[in-house]
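Reviewing the structure listed below.
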């Protein structure tokens with residue numbers, strides 16, 4: 017038997033449609049995350065909620081109260097803090113992945129003109 021014939025026979029056996037093909041384990045789940053745009057809100061007590069940007073209906077920036085109100089189809093999120101205008105524009109573009117509330121006592125230590133969220137309230141739409 018020639019070496020060329022042996023190689024062709026092995027190739028033929030590998031491509032046998034009657035043999036059960038087992039999928040490699042890496043094909044059982046996605047290797048990377050999807051490109052779905054969600055925003056995760058981390059409350060002061062450590063609780064978290066994420067919502068899909070696709071369900072963001074409207075946003076309102078209230079300058080006098082330093083407040084952003086986001087109306088999702090299922091919930092109303094209120095962000096209170098300082099320098100929130102840049103965050104408001106980022107939310108319009110669906111950029112933030114996570115917004116973390118921090119205690120107001122650390123506001124002075126933050127870099128100047130950096131948006132800081134001191135309180136996040138979540139109210140379910142009923």
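In the numbering used here, the protein residues as written are 17 to 142. All residues carry an ideal CB built from backbone N, CA and C; glycine is no exception.
C-alpha gap between residue i and residue j, whole angstroms
i, j, result
"residue 141", "residue 129", "33 angstroms"
"residue 102", "residue 58", "19 angstroms"
"residue 125", "residue 75", "28 angstroms"
"residue 123", "residue 114", "18 angstroms"
"residue 136", "residue 77", "14 angstroms"
"residue 131", "residue 30", "60 angstroms"
"residue 100", "residue 107", "10 angstroms"
"residue 95", "residue 85", "6 angstroms"
Coarse secondary structure for residue i, derived from DSSP in three states
i, result
"residue 40", "Confidence in residue 40 is poor, its pLDDT being 49 and thus under 50, which makes the residue's placement unreliable; the coordinate value appears in the next sentence. Residue 40: coil per DSSP, three-state reduction."
"residue 120", "helix"
"residue 81", "coil"
"residue 129", "coil"
"residue 50", "coil"
Short Cβ contact (9 angstroms threshold) for residue i with residue j
i, j, result
"residue 71", "residue 90", "yes"
"residue 133", "residue 116", "yes"
"residue 112", "residue 55", "yes"
"residue 69", "residue 83", "no"
Extent of the continuous beta strand (DSSP E) run through residue i
i, result
"residue 77", "72-78"
N-terminal and C-terminal residue of the alpha helix (DSSP H) that residue i is part of
i, result
"residue 107", "101-108"
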